[in-house]
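Reviewing the structure listed below.
This is how it looks when you write it as structure tokens:
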């Protein structure tokens, strides 16, 4: 039996589990693993500037393509604690990433040694598993189990903590004999699917709520096929956006308090039956449950059995992987269609498209400083259906979800449940690393952008180009809007007069200088009529220099984006809605007055 260090065995297992890329920051306690990484070859490593950034790069990498698992590596102590936000984010959105940390020697772990912390205990609440490996012979099994767990059931992240002496210990291990463990995924039975379709067929105005679990299962084509077979309109969740193209005649719009369409909420409120697949019934999607559930029946299909009934009790629940369930949904629907036993839903589907044409938000404003709505209009013009958008949270993300267009799964890459500021830059780098051939466009407000701005240097160093649209109003915009309910405007101003850039007025941080100082390109735009040209120039600069390119749009200081406090029928439209076609020139459908 070949002998090698446990660290080398771990690297060999990564390669045999399909890992070709990793993100991280080396340090003394993880250096043996890095030595094995270098000696083994075959895994491309991207050096981050912050370990939290590396964890979000790993997330972006996973979210880009089916089967991807991002790997994040860091040393002992603060590197592991820096990963916690990435683990939380990945857990919330059912994203498998593997975090590997170094650790102090086993003999001193409990003796307050330098940078020795019980990272496994800290990480367990936000990971599927977190283990400090105390015996070198266990390393292969722990890594094998980690990949099995990440892929089985509801996907999620795992942390493995490796004491430095464990990494350096030689063990018997033959990489050529290694085999990954098969993943377990629950699968619906035909009888369960027949019951669900019976309930669907008994309804008059059904909808499918398509969640991120469908994308995780790589089952978007099956969902679209089932919707077309049955003529059922689809409401994508924020995490499921792109499963059905925005311009498809069965796309009924998004629903919710924030990232929703006017027509999406209106269509949902007209429904009498909802089939949810791979979704969580997240509170910003549902709002108050009494209104959301009133007058309609629900069937819920989810890979995690305990998710069914967690938010409210459906009329029928099925624990199943989305792909396994949808294969049966399509099979049964085809049989019923051939037998002429599927109801005609054409009038109901057409009514959802009527609302899509009638209920639109205005995007065209010529104001200086710019209104944010105009930025998304220009983005729609500049970036085509192949674009992958990356964003996290804030008014920029909410407005983007209301006004941008997405046509393919995994082309809206959004940290949904956790929403950590700073996520966007590193996640965009992970996405661009995973798919360098597809245009990547990130979207941030100024505060999200500033949280992990140092990661731009990673894109410059490693030649990872993408375009970053930065909307700057020198405010914590979403928090300022939320503070209105408390009649305060407190500690949310980012404004100051920058003594080195007086031309900015009160907009404070000179993002152009910072981006350029980090090795990137940047363009500042103050006139909305110049924004389109700036976006086109950014695409050219990214292609030419192979670095991130920032396009900063200087916005009006105070803007309120459409949203509701609690109920999806009470969305506050702060701006004038579209009343003539010129108000929303990039809307999916021409405005019908």
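In the numbering used here, the protein residues as written are 5 to 597. Note that beta-carbon positions come from the ideal geometry of N, C-alpha and C, so glycine has one too.
One thing to note: residue 401 has its Cβ within 8 Å of the Cβ of residue 418. If you check the CB distance, residue 456 and residue 54 come in under 8 Å. Separation of residue 524 and residue 475 (C-alpha to C-alpha, rounded to the nearest whole angstrom) is 17 Å. Taken in chain order, the complete beta strand (DSSP E) segments of 3 or more residues contained in the segment 43-118 are 48-51, 74-78 and 101-107.
The continuous beta strand (DSSP E) containing residue 28 extends over residues 25-28. Here residue 214 carries a strand assignment [DSSP, helix/strand/coil].
Residue 446 carries a strand assignment under DSSP once its states are collapsed to helix, strand and coil. Bounds of the beta strand (DSSP E) holding residue 166 are 162-167. Here residue 316 is near residue 285, since their CB atoms are less than 8 Å apart.
For the segment 460-501, the continuous beta strand (DSSP E) assignments of 3+ residues that do not extend past its boundaries occur at 471-476, in sequence order. With distances taken between CA atoms, residue 217 lies nearest to 414 out of 414, 560, 494 and 369.
Contact annotation, residue 231 with residue 212: C-beta distance approximately 6 Å; criterion of less than 8 Å satisfied. Excluding sequence positions up to five before and after residue 313, its CB lies within less than 7 Å of the CB of 321, all in the same chain and listed in chain order. Shown here for residue 587: same chain residues with a beta carbon closer than 6 Å to its own, the five before and five after excluded, namely 366 and 368 in chain order. Nearest Cα to residue 154 within the set 75, 377 and 240: 75.
Where residue 176 is concerned, the enclosing beta strand (DSSP E) starts and stops at 174-176.
In the DSSP assignment, residue 517 falls within the unbroken alpha helix (DSSP H) covering 515-521. Per DSSP, the continuous beta strand (DSSP E) segment holding residue 306 begins and ends at 301-306. Taking 8 Å as the cut-off, the beta carbon of residue 480 is found no closer than this to the beta carbon of residue 395.
Using a C-beta cut-off of 8 Å, the segment 251-259 makes no contact with the segment 172-189, since fewer than three inter-stretch Cβ pairs fall below that distance.
Residues of the same chain with a CB within less than 7 Å of the CB of residue 32, apart from the 5 flanking positions on each side, are 79 in chain order.
Counting only runs of 4+ residues, the alpha helix (DSSP H) found wholly inside the segment 213-264 occupies 216-220 and 224-234, in chain order. Looking at the backbone, the Cα of residue 295 and that of residue 571 are separated by about 7 Å. A straight-line Cα-Cα distance of about 29 Å links residue 501 and residue 382.
Listed as beta-bridge partners of residue 418 by DSSP are 395.
The C-beta distance from residue 307 to residue 214 rounds to 14 Å, too long to meet the 8 Å contact threshold. At least 8 Å separates the beta-carbon of residue 329 from that of residue 537. Sorting 30, 176, 460 and 260 by C-alpha distance to the C-alpha of residue 13 places 176 at the top.
Residues of the same chain with a CB within less than 7 Å of the CB of residue 385, apart from the 5 flanking positions on each side, are 536 and 590 in chain order. With three or more CB-CB distances shorter than 8 Å, the segment 59-77 counts as touching the segment 89-108. When the Cα atoms are used, residue 430 and residue 468 turn out to be separated by approximately 11 Å.
In the structure shown, residue 365 falls within a strand segment according to DSSP collapsed to helix, strand and coil. Residue 135 and residue 164 have their C-alpha atoms spaced approximately 5 Å apart.
For residue 407, the three-state secondary structure derived from DSSP is helix. A Cβ-Cβ separation of about 5 Å places residue 554 in contact with residue 519 under the 8 Å criterion. Straight through space, the alpha carbons of residue 11 and residue 36 are spaced by roughly 7 Å.
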